[in-house]
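Take a look at the structure set out below.
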Amino acid sequence: MNAPATLTAVRPDAGTSAPDLVAWPLIRTLIAFDTTSRESNLALIDWVRAYLAAHGVESTLTFDDDRRKANLFATLPAQDGNATAGGIVLSGHTDVVPVDGQPWDTNPFEATLVGGKVHGRGVTDMKSFSATGLACVPELLRRGLKRPVHFALSYDEEIGCLGVRRLIEDVVTRGVTPLGCIVGEPTGMELVVAHKGKQSWRCRVRGHETHSSLTPLGVNAVQIACEIVTYLTTMARAFRDDGGYDDAFDVPYTTVHTGVIRGGTALNIVPRDCSFDFEIRHLPFDDPDELFAEVKAYAERFVPAMRKVAADTHVEFDALSTLPGFDTHGESGIAELGRLCNGADGHGKVSFGTEASLFHAAAIPAIICGPGHIAQAHQPNEWVAVEQLARCEAFMRRLADRVCAS
Ligand SMILES: [Zn+2]
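In this note's numbering, the protein residues as written are 1049 to 1454.
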């Protein structure tokens, strides 16, 4: 594909020359599908399914309720016919975040080599990992496998790791019991064995409006909401100052954060409604349900006094999202394999959430290791260094040496 002339014109060094990568054609193909989370991903899934079918590999699809999006799970069986036990899952999400309003210098849906970097939406988060894995299929089949290799491509990761939950359910139901799963989110090809969990909530305060000269006759929803937000801030400071801590994380304690607040209509009206959204990003050993119960108990203290003024007042919470944390402490078989494949001893822990914790929760031990860096994801001109893609290919080659019979 050629980038539109207007786009290449603003970036004269942007070229379409090919880096020296086996996976380059596949990277270009996957990037060319606009799989922004709001769009269907079926064109990409159909392409991958046809690619695998051309190599004699069948895929299982699990769909969303509208059948507009699908996960793909495919198995390359071992030479002895084993297709279920002790395999390695290569996992990637197919969706990407929107490019709306972002100043891109190249066509975001064309992988474009610019110097030593490849630009394009999803080059680091995270189509290149999936493409690199898929590019190994011919070699894995030719050499024969000692244990199964599975591919797990999901939808709707970027909007709360929604799609993969159906894939995992299906895998568990069919009795597939892998040794572990490698999630190729960008880690700079470093081995990551843990990430934080996250719960997010909307708190809705319903007060009672009056003229602002008569405040005792009203219930001020904004002020009550602010007291609860302040309680959250106090919790956040306590985690920062008193822990618990795990220094392997970039932010080594649980964080609590309020990101959105809406309330009131005019200064001379005691506000009836106020709502705010907050999240708890917790270390794997902190219990988010306990933390939320504390917040809720604090909020409920206001209700009796509110009800004395007006019976229809309330404080309510809506769950927005939940993703568990996980920590294998680097001791799982899959972490050991990860170390052998990336040729380094250490491991890290990260604060961002991934599908890894959902595999982990389904008794499929997981690690995270993929090309590029999270700081380069979700940005205009998202990029990944060719050096990172080469490291990803080297990782897959070592993986092939471990799982292939010859
Ligand atoms: Zn991602």
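We put the beta carbon where it would ideally sit given N, CA and C, even for glycine.
Closer than 7 Å by C-beta to T1361: which residues in its own chain qualify, once you throw out the five before and the five after it? Chain order, please. Within the sequence shown, residue 1361 is the residue found at index 313, counting from 1. Once the five neighbours on either side are set aside, the close Cβ partners of T1361 are R1254, G1255, H1256, V1267, M1354 and R1355.
Return yes when the C-beta of M1237 is under 7 Å from any heavy atom of ligand 1, and no when it is not. Reading the sequence shown from its first residue, position 189 is the one you call residue 1237. Every heavy atom of ligand 1 is 7 Å or more from the Cβ of M1237, so no.
Close beta carbons around G1063, own chain, < 8 Å, minus the five adjacent residues each side: If you number the sequence shown from 1, residue 1063 lands on position 15. In this predicted model, G1063 has a pLDDT of only 49, less than 50, meaning its place in the structure is not dependable; the value taken from the coordinates is given anyway. So the list reads T1160, L1161 and V1162, once near-sequence residues are dropped.
Buried or exposed for K1065, please, with buried defined as at least 16 other CB atoms from any protein chain shown within 10 angstroms of its CB. Sequence index remark: in the sequence shown, residue 1065 carries index 17 (1-based). Reading off the sequence, residue 1065 comes out as Ser, not Lys. Its Cβ having fewer than 16 others within 10 Å, S1065 is exposed.
Residues around ligand 1, please: the ones whose beta-carbon is closer than 6 Å to some heavy atom of it, in chain order. By the rule of a C-beta closer than 6 Å to any heavy atom of ligand 1, the residues picked out are H1141, D1173, M1174, E1205 and E1233.
Opposite E1461 in the DSSP bridges: which residues? What is shown of the chain runs 1049 to 1454, which leaves residue 1461 out entirely.
Bounding residues of the alpha helix (DSSP H) (the contiguous stretch that carries G1232): Residue 1232 sits at position 184 when you count from the first residue of the sequence shown. Premise fails: G1232 is in no alpha helix (DSSP H) and is neither H nor E.
For T1054, which residues of its own chain have a beta-carbon under 8 Å away from its beta-carbon, when the five flanking residues on both sides are left out? If you number the sequence shown from 1, residue 1054 lands on position 6. Low confidence applies here, because T1054 scores a pLDDT of 36, under 50, leaving its location unreliable and the question unanswered by this model.
With DSSP run on the structure shown, which of helix, strand or coil describes C1452? Residue mapping note: residue 1452 aligns to position 404 of the sequence shown, counting from 1. The answer is strand: DSSP assigns C1452 an E or B state.
Start and end of the beta strand (DSSP E) containing F1340? Numbered from its first residue, the sequence shown carries residue 1340 at position 292. For F1340, there is no enclosing beta strand (DSSP E); the enclosing alpha helix (DSSP H) covers residues P1336 to E1348.
Run through DSSP, which three-state label would A1122 get? Within the sequence shown, residue 1122 is the residue found at index 74, counting from 1. In this structure, A1122 counts as strand in the three-state DSSP scheme.
Within this structure, are the beta carbons of N1119 and L1210 separated by less than 8 Å? Numbered from its first residue, the sequence shown carries residue 1119 at position 71. Numbered from its first residue, the sequence shown carries residue 1210 at position 162. Not closer than 8 Å, so no.
Using only CA atoms, which one of A1071, V1144 and A1414 lies nearest to N1089? In the sequence shown, the residue the question calls residue 1089 occupies position 41. Measuring from the Cα of N1089, the nearest candidate turns out to be V1144.
Name, in chain order, the residues that DSSP records as bridge partners for I1093. Taking the first residue of the sequence shown as 1, we reach residue 1093 at position 45. Answer by DSSP bridge pairing: none, since I1093 is not bridged.
Is it buried or exposed for Y1301, if we count other Cβ within 10 angstroms and need 16 for buried? On the sequence shown, residue 1301 is found 253 positions in, with the first residue counted as 1. Classification of Y1301: buried, given that the 10 Å Cβ count is 16 or more.
Can you list, in chain order, the residues of its chain whose CB lies under 8 Å from that of F1333, leaving out five sequence neighbours each side? Looking up residue 1333 in the sequence shown gives position 285. Around F1333: G1292, D1294 and D1375.
With the cut-off set at 8 Å, would you say G1381 and L1227 are in Cβ contact? Within the sequence shown, residue 1381 is the residue found at index 333, counting from 1. Within the sequence shown, residue 1227 is the residue found at index 179, counting from 1. Closer than 8 Å, so yes.
Between the alpha carbons of I1216 and T1123, how many angstroms are there, rounded? As a working mapping, residue 1216 is identified with position 168 in the sequence shown. As a working mapping, residue 1123 is identified with position 75 in the sequence shown. Their Cα atoms are separated by approximately 14 Å.
I need the straight-line Cα distance from V1147 to P1156, nearest angstrom please. In the sequence shown, counting from the first residue as 1, residue 1147 sits at position 99. In the sequence shown, counting from the first residue as 1, residue 1156 sits at position 108. Roughly 8 Å separates the two Cα atoms.
Would A1433 pass as a contact of G1164 if the rule is Cβ separation under 8 Å? Within the sequence shown, residue 1433 is the residue found at index 385, counting from 1. Within the sequence shown, residue 1164 is the residue found at index 116, counting from 1. Yes, the pair counts as a contact, with Cβ atoms nearer than the cut-off.
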